[in-house]
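Trainee:
In the working numbering, the protein residues as written are 204 to 377.
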């Protein structure tokens, strides 16, 4: 009768080490929404693919028209502002370009284009109104109000998370 071979302790130790590294090493690049100004912030994330461009689409609370903000993730997990498109000029929707920006109008749509504006993060407020707020990425549109709490603010950024950190957050990929 054959004798069973025991797995050498070195193999077990290496396997355990690889699993632990995979669980705790921040290697998963995500778009992350973190509760703003709270003692115990919850995190909500969308796992990134190869695509670097994303958009946020919302309905302006006064004009009730779509606003489309376009961004690009840079290699340093920073966010480059690309453009903002809207149909009406007013609060939060400028009728002129400032330094480093250009404003054009075509078919009644204003397009504000940013030259080299790069930021680490920004705060997004989820209004307690029945108006769209969506995140567009890689051919999908995610309804942010399905996951985020109305009336709350969230810090939006791009980060690398570990599998453990992702398990503690809310996956918005669906």
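Beta carbons: idealized from backbone N, C-alpha and C, even for Gly.
Predicted model, so just to flag it, every value in this text is computed and none were measured.
If you count every other CB in all the chains shown that lies within 10 Å of the CB of residue 370, and 16 or more means buried, which is it?
Mentor: For this step, residue 370 is matched to residue 167 along the chain shown. Exposed is the call here.
Trainee: Does residue 358 come out as helix, strand or coil in the three-state DSSP assignment?
Mentor: Sequence index remark: in the chain shown, residue 358 carries index 155 (1-based). Looking at residue 358 - three-state DSSP - the assignment turns out to be strand.
Trainee: Would you mind reading off the limits of the beta strand (DSSP E) that contains residue 222?
Mentor: What you label residue 222 is simply residue 19 of the chain shown in a count that begins at 1. Counting along the chain, residue 222 falls outside any beta strand (DSSP E), though it belongs to the alpha helix (DSSP H) covering 212-227.
Trainee: For the ligand FAD, any of its heavy atoms closer than 6 Å to the Cβ of residue 278?
Mentor: Among the ligands in the structure shown, none appear at all, so the ligand FAD cannot be discussed.
Trainee: Return the chain-ordered list of same chain residues with a C-beta closer than 7 Å to the C-beta of residue 305, the five sequence neighbours on each side being excluded.
Mentor: What you label residue 305 is simply residue 102 of the chain shown in a count that begins at 1. Here the set comprises 316.
Trainee: Between the Cα of residue 280 and those of 243, 255, 292, 259, spot the shortest distance and give me the residue it belongs to.
Mentor: Position 77 of the chain shown holds residue 280. Answer by Cα proximity: 255.
Trainee: Give me the Cα-Cα distance between residue 239 and residue 222, rounded to the nearest whole angstrom.
Mentor: As a first step, residue 239 must be located in the chain shown, where it is residue number 36. As a first step, residue 222 must be located in the chain shown, where it is residue number 19. Those two C-alpha atoms are separated by around 32 Å.
Trainee: How close, in whole Å, do the beta carbons of residue 235 and residue 248 come, if the pair is a contact with beta carbons under 8 Å?
Mentor: The residue labelled residue 235 in the question sits at position 32 within the chain shown. The residue labelled residue 248 in the question sits at position 45 within the chain shown. Sure, about 5 Å apart at Cβ, within 8 Å.
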